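These notes are about the structure you will find just below.
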Amino acid sequence: MTIATTLLHKHLEWLVDQPQQWRGLIADNIVWDLPYAPSLGHPVKLEGREAVLRHASWFAGAVKDFRFSEAIVTATDNPEHAIARVRGEGVIAANGRVYRQEYVVFLTAQDGRIVQLREYFDPVQAALALDAPVVGVSSRSI
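To convert, note that position 98 of the sequence shown is 139 in the numbering used here; the numbers rise steadily by one, no gaps.
Written out as structure tokens, the structure is:
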């Protein structure tokens, strides 16, 4: 295992279940890229520890009993980079709907901490569970 694969495993294990320990994984200058989040009205990028902690806290409150499963974590030639494909499932607190998602996560480590996450997910699945519109898509165009 490399430092990046170890951090990625811990990220998936601790993000929701052990947020205090998870906070110790992230660097002060962390960047969390969420390329598909703007379609849900969320920012495309979270920069800095405080922005990332706010987002993680929001997610933990919005999606109850969230669990990652079936994680496949892959090392790259660079020990500071790792990739994961993982499933997630929880219950949307506001409406009781089940939220199921498949994620692809890229992680970059530096000095033993996470300095960058890039997370891909299906915004349509998130919108359906949240009962939210997909920004830029009207119901007539579906």
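Cβ coordinates follow ideal geometry from the N, Cα and C atoms, glycine included. Since the model is a prediction, treat every value here as computed from it, not as a measurement.
State yes or no: is the C-beta of residue i within less than 8 Å of the C-beta of residue j?
i    : j    : result
G137 : R108 : no
V176 : L81  : yes
A29  : V93  : No answer is possible for residue 29: it lies beyond the span of the chain, which begins at 42 and ends at 183.
D163 : Q142 : yes
R95  : D69  : no
L158 : W73  : yes
CA-CA distance, residue i and residue j?
i    : j    : result
H50  : A123 : 10 Å
Q166 : A150 : 29 Å
E88  : E160 : 14 Å
S182 : A173 : Residue placement at S182 is poorly supported in this model, since its pLDDT is 49, which falls under 50; the coordinates are not used for a value here.
Q62  : A112 : 20 Å
D152 : L169 : 39 Å
L148 : V139 : 27 Å
P79  : K86  : 9 Å
S110 : I71  : 24 Å
L53  : R64  : 12 Å
H83  : M42  : 33 Å
D106 : Y77  : 23 Å
P60  : V127 : 19 Å
Would you grab the beta carbon distance between residue i and residue j for me? Rounded to a whole angstrom, and I think it's under 8 Å.
i    : j    : result
I44  : E121 : 7 Å
A101 : V57  : 5 Å
A97  : V114 : So it is not a contact: roughly 19 Å between Cβ atoms.
I155 : L75  : Their Cβ separation, rounded to whole angstroms, is 15 Å, which puts I155 and L75 out of contact at 8 Å.
Does DSSP put residue i in a helix, in a strand, or in coil?
i    : result
Q157 : strand
T147 : The residue asked about is misnamed: residue 147 is Phe in this sequence, not Thr. DSSP places F147 in strand when its eight states are reduced to three.
G102 : helix
H83  : coil
Q62  : helix
Kindly indicate if chain B contains any beta-carbon less than 8 Å away from that of residue i.
i    : result
S110 : The structure shown contains no chain B; it holds only a single protein chain.
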